[in-house]
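Structure first, commentary second.
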Amino acid sequence: MSSEYFADDLPLNGIKVVETAQGVSGPYAAKLLASLGAEVIKVELPGGDWSRKTPPFLSETNHTESSALYLYNNTGKKSVVLDWRNSEGLNDLENLIKSADVFIEDWDISARTEWKLSPEFFIENNPQLIELSITPFGLSGPYSTYKSTPLIQLALGGILNLIGNPEQEPLMLPGHQPDYLTGINGSNAVQIALWDRDFFGESGKFLELTMLETLANLHQAPLDMDGGIRRRSGHRQSPLSSNGFPPGVCTVSAKDGYMTFGGGSPAIWEQLCLMLGRLDLFENETFSNVFENPESGLIVDHIMENWMADKTREEVFKEASSVWMLPVSPVKKINEILEDKQYASRHAFQKIIHPVAGEATYPSPTFTANGEKLKVSRSPMLGEHTKEYLW
Amino acid sequence: MSAVDTVSSGALRHLRIIDLTRVWAGPLGTRTLADFGAEVIKVSDPRIPLSRVGKVNDKLNRNKLNIALRLDKPEGRDVFLDLVSVGDVVIENFRPRVMRNLDITYGKLLEVNPNLLMCSMPGFGLAGPYSEYPAFGSTAEAMAGINSMIGYVPDRPLQTGLSYADPVSGLNLVNVILAFARRRSVTGKGNFIDLALADSPLGTLGEFFVANSAIDYKQHPNGNRHSQYAPHGAFRCFGDDQWIAISITNHFQWERLKVEIDDSRLENPGYGDLSGRKANEGAINRIMEEWTSRKDAGELMEQLQQKGVPAAKVSNNLDVLNDPHLNEREYFSYLKISEENIEKYDGQAIPGNQKERSKWFPMRDLGEDSNSIVMEYLGYSKDKYLSLLEQKVIS
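Order-wise, the sequence lines are chains A and B. Counting in our numbering, the first sequence runs from 1374 upward without gaps. Counting in our numbering, the second sequence runs from 359 upward without gaps.
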C-alpha cells in the first residue's frame, strides 16, 4: 500500500516529444511518455485539438478547456498553438522538432499529399529524430484513404464480431478502445526506438503504426482457428476452440446488479458446482460444453441467479473469491469504481485541479513502481505555453 | 532441433527476461518484447504440458526459449536463482501468495541480482482487500467498468466475451518494462513493478472517470448508439451473420449515404441534423437495414468508403486473416513449424527494429532448452545437469 508518489528520476527524463496528433491515439501515446518523465509539447492548430470539442464538458460555459476526453488524454503536456498549414507555422514547427527526440503525428496519406509532406521531411533536419506516424490504416494499402471511427476499427479488426448476442447486432467496446490500444503501442514503439538509438547508436526513424494492425494483433487464438469462426456468445465467454467451455463462465445477476464469472477449466467448473451445492452437474457429462448443449448453460445460469438472488454483489464476490477461489467480479459502474476500496488502497485514481474545468478524478498510470503510483499533472489550456516555446 | 538463434538481431537484443507468466496478458507482453529481439526464457512446470488447444500457447509463445523447472523443489529454486542472477528482468502473474510460498519474492531475488527489474501482474494488486482473490481477464474487465457499458438495454450489461483486460495489460506490460529497463540501464537501479490486471482498463476509460467524478456523467449500455454520431451501428447484410458497420460523423457523410441508399423516406427534413437523426434513429436504422440486407458486406464497404462514408465489413477471424489490406501491407508472419509445414500467424503491430523475420521461431516444447540454458548460461557441468534431470527437478 502506498501513501506517496514515485519521486525518483523518471525513466524518460530528458526526452523531448513534440506532438501534433489529435484525439486519442497519438495524444494517449504522448501522455504515457509524459507520465514516464518526457517533456511533451502539444502543438495545436488555432482551433485546438478536435477532442476539445468532444462532450461531455466539465464547464457549461468554456467547452474548449473542459472536455473530459481532452483533459484526460493531455495530462502532463505543454500546449503551443501554431498553424502548420501555412509556411510560417510549418517553419515554427520544424524549429521545434529540430531539438526534439520524438515527433508524434497522425497525418494520413490525403493530408500528407495536400501539404506535400514526405515521411523524410522532418528527419532530414534532425537525423536523430524518431517520428511516429499513427493512422487508422497506414500510408499504403487498399484502405489507406478509408474513413475511420472506433466502430469501424473494431469491425475490420475482428473484435466487433465477438461482442453481443449470437443472432443480434454485434456490439462495440465503450468509448475509444482502438485508439487507446494504439496509443499504448505508440508509447511502446517510441521507447523501443529510443532504446535502439541511445544504447546502440542507431539513427532516428520514421515509424508507421496503424490502429488496424494493433487490433488484429490482439486476438487470443491464431486467426485461422483451424478454419472455424469464433462467434460472439452474449453474456458468456466466447470459446477459443471446438472444446468450448463448461457452463457458468458468464455474466449473471445478483441481488443488486450483475456478476461476471470467469473460468473455462474443469477445475473451476467443479469449484462452482461445489459452491452451488450441485456436484451432480459436474459429474454430468452433458454439462461439459455449453456450446454443444445450450440448455445446460441456461439451467446453470438459473441456478446461479437463484443462489445469488438474496446476496449483494459484494457478498457474492467475497464468498466466491475467498472461500471457493473462483475468478469472479462484480460488474462495477464507473461511479462505484471511484469509491472502490481496493482501487483506493493503491491510489488507482488521483485528483487533479484544472483552472477552468475544476477538480476531477483521473486514473493514475496503471502500475506502481516500488509501491508508488506516478504523479500526473493537469492538461494545458489552449496555447498556454506558446510564448515559452515560440517567442 | 538445435538451439535457436536468440541474440543476433532486434532492438532489444541483450535484454534477458525470465518469464514466469501464463495464459494471455503476460505471455502477450513477453512475446512482444521477444519479437524485438529480447531473449525471453519461459519457465514452465515440467508436470504441466503446454496446452496446444486452439494453438493459443503456440501463438503467444513464439520467439521464447523454454526451461522446465520445479520451483517448488529446493534444487529447482536454486537453479531459478542462478537464472535470475544472469537475467535482467523477471515477470510473473501468479496470485501473490504463490511467490511468497515459493520464497522467490523481489526481496529474495535482489540478493542474487541487486539491480533486478521485476514485474508482478496480480489480478487486483499485491496489497489491498482483494489482493488474494483470483482474477481472469474476463472478471478484471467487469471490475474496471468495461462490462457496465456494453449491452443492448440499460439494465442488462454484457461481458466482451474476449477477456479484454488481458490484451490491455499485455501492452501495458511492454510499456512499463521498456521504461524501467531504460531507467535501469541509465542509473543501474532496478525496480519492482506491480501491474494489476484490473487496473489496465481504467486507463482506457479515462474520460468516463473524469466526467463522472466532476459532473456525474453516466453512460449506460445502449447498443451501438453514439451521443454524437447517427446513424451509428452494425447493419445486417446478405448471408450468414454478415454485417456492415456504418458510422456517420457529420452532415456531409449523411448526405452521401442518402444518395447511395436512394430511399425517399430518408428525405424527411427532420433527419437533416444530428438531433433529428438521434430522435428517429430506430426508424432510420430500419430503412437502412432493408437496404443493407440485400448487399454483400465487403462490396458495400468499398462502395460507401469510395464516397467518403465511414463503413466497414464486420470481419470475423477468417476475414481478418484474409484481409486484403493487412496482407498487402505484409502484416502477417509465417513460422516454419517443420520442413514441410509453414503456418501463418499474426505479425507484430508495433513498428521498429524487430528481430529478423527469418529468425523467428515457433513455440519451443516444454524443457526444449533446459539443457542449453543450464549448461551454457549457468555454466553447470554435464554431471550436474544429469543429476537435476534424474531428480526430476528439470526436464
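The beta-carbon is built from N, C-alpha and C at its ideal position, and this holds for glycine as well.
Backbone secondary structure at B:A603 - three-state DSSP
strand
Report the neighbours of B:K413 on chain A: residues whose CB is nearer than 7 Å to its CB, in chain order.
A1594 and P1595
Contact set between A:D1422 and chain B, taken where Cβ atoms lie within less than 9 Å
Going along chain B, no residue has its Cβ under 9 Å from A:D1422, so there is no contact; the nearest lies around 13 Å.
Mind checking the stretch 456-475 of chain B against chain A and listing, in chain order, the residues whose C-beta falls within less than 9 Å of any C-beta there?
none
Have a look at the DSSP bridge pairing and note the partners of A:C1646.
Answer is none; A:C1646 lacks a bridge partner.
Chain-ordered neighbours of A:I1672 on chain B, where CB pairs are closer than 8 Å
Those within 8 Å of A:I1672 in chain B number zero; the least Cβ separation is about 20 Å.
Using a Cβ cut-off of 9 Å (strictly closer), state whether B:A588 contacts chain A.
no
A:T1393 by DSSP, collapsed to three states: which one?
coil
Determine, using beta carbons only, whether B:A603 and A:I1536 come nearer to each other than 9 Å.
no
Look at the alpha carbon of A:I1388 and the alpha carbon of A:L1588, and state the distance between them as a whole number of angstroms.
28 Å
Here's a check: name, in chain order, each residue in its chain whose Cβ is nearer than 6 Å to the Cβ of B:Y510, leaving out the five neighbours to either side.
G581
Cross-strand partners of B:H590 (DSSP beta bridge):
B:S605
Quick one, which of A:V1416, A:N1499 and A:V1397 has its alpha-carbon nearest A:T1759's?
A:V1416
Could you say which of B:V442, B:Q661 and B:S622 lies nearest to B:L474 if we only look at CA atoms?
B:V442
Please report how far the alpha carbon of A:D1599 lies from the alpha carbon of A:D1653, in whole angstroms.
33 Å
For a minimum of 4 consecutive residues, which ranges assigned as the alpha helix (DSSP H) are wholly contained in the stretch 624-652 of chain B?
632-637 and 639-650
Endpoints, the alpha helix (DSSP H) within which B:D416 is located
V414 to L418
Extract the residue ranges of the alpha helix (DSSP H) inside the stretch 1667-1744 of chain A, only unbroken runs of 4 or more that lie entirely within it.
1667-1681, 1686-1691, 1707-1711 and 1714-1718
What residues are listed by DSSP as bridge partners for A:T1624?
A:T1633
What does a CB cutoff of less than 6 Å around A:T1393 pick up in its chain, not counting 5 residues either side in sequence?
V1416 and E1478
Output the boundary residues of the beta strand (DSSP E) element that contains B:D446.
Element bounds for B:D446: n/a, residue is neither H nor E.
Please name the residues in the stretch 1736-1755 of chain A whose beta-carbon is closer than 9 Å to at least one beta-carbon of chain B, in chain order.
P1736, S1737, P1738, T1739, F1740, T1741, A1742, N1743 and G1744
What would DSSP say about B:M457, mapped onto helix, strand or coil?
helix
Pick out whichever of B:V411, B:D403, B:N421 and B:E688 has its Cα sitting closest to the Cα of B:G368.
B:N421
Tell me the DSSP secondary structure of B:S753 in three-state form.
coil
Test: B:P682 CB closer than 9 Å to a CB of chain A:
yes
Would you mind stating whether B:L560 and A:P1736 have Cβ atoms separated by less than 9 Å?
yes
So if DSSP puts B:S402 in a beta bridge, which residue, or which two residues, is it bridged to?
B:A426
Can you have a look at B:C477 and say buried or exposed, based on whether 16 or more other CB atoms are within 10 angstroms of its CB?
buried
For a test of the three-state rule: what should DSSP assign to A:E1504, helix, strand or coil?
strand
Neighbour-count burial assignment, B:D574, 16 or more Cβ in a 10 Å radius
exposed
Range of the contiguous beta strand (DSSP E) that encloses A:D1571
First-last for A:D1571: Q1550 to F1573, but that is the alpha helix (DSSP H), not the beta strand (DSSP E).
Residues of the stretch 551-570 of chain B in Cβ contact with chain A at a cutoff of 9 Å, in chain order, please.
I551, D552, L553, A554, A556, D557, S558, P559, L560, G561, T562, L563, G564, E565, F566, F567, V568, A569 and N570
Based on the DSSP secondary-structure assignment, which residues constitute the bridge partners of B:M507?
The partner list for B:M507 (beta bridge, DSSP) is empty, contrary to what the question assumes.
Cβ of A:F1572 within 9 Å of any chain B Cβ
yes
Let me see if you follow: with CB-CB separation under 9 Å, is A:M1374 close to chain B or not?
Low local confidence applies: a pLDDT of 39 at A:M1374 is under 50, so the model's placement there is unreliable, and no value is given.
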